[in-house]
Amino acid sequence: MNDAVRGVTRSIYDCPHCGEKTFNPLTKALAGPMNSKGRACKACGGKCVNGQASAVIRMILSLLMGAAVLACILWIESTVTAMLCILGAVLLYVLLTGLVNAFFFPLIKAVRRDA
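Counting in numbering that gives the first Met the number 0, the sequence shown runs from 0 upward without gaps.
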């Protein structure tokens with residue numbers, strides 16, 4: 000029977016294989032996108048990754064980061080300032096994708112066959 004039918008609210012840190020809450024924000028953030036091998040559940044050993052919604056947010060953030068890098072290259076005349084701006088954009092991208100993966104959207108089963 001489905002959890003929604005029984006009235007059980009699932010946490011975003013629950014394993015999609017066994018349903019146990021074995022993930023914390025750090026391990027969920029490091030689970031990776033859908034094309035990665037994912038993280039193993041401590042209870043059942045099943046591999047879990049962040050889902051499709053996380054991939055969409057990652058794509059949107061990467062497009063924004065690319066636009067910011069392009070703007071830095073085109074409009075900032077000082078090389079040092081442009082490099083610092085690019086470094087800041089890349090670090091902000093890594094930080095935001097990690098936060099989104101850690102605190103939003105549930106985990107799914109890994110889709111890679113070698114996982």
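Virtual Cβ for every residue (Gly too), placed ideally from N, Cα, C.
- By the C-beta density criterion, Asp-113 is exposed, having fewer than 16 other C-beta atoms within 10 angstroms.
- Val-79 carries a helical assignment under DSSP once its states are collapsed to helix, strand and coil.
- In this structure, Ser-53 and Pro-24 do not form a Cβ contact; the two beta carbons are roughly 13 angstroms apart against a cut-off of 8 angstroms.
- Residue Ala-101 holds the alpha-carbon nearest to the alpha-carbon of Ile-11 among Val-110, Ala-109, Ala-101 and Arg-111.
- About 6 angstroms separates the beta carbons of Cys-47 and Cys-14, which is inside the 8 angstroms limit, making them a contact pair.
- Contact between the region 57-71 and the region 33-47 is not established, with fewer than three Cβ pairs separated by less than 8 angstroms.
- Counting every other CB atom within 10 Å of its CB across the protein chains shown gives Met-64 a total of 16 or more, marking it as buried.
- Distances from the alpha-carbon of Val-93 to those of Leu-29, Gly-18, Glu-19 and Cys-17 put Leu-29 closest.
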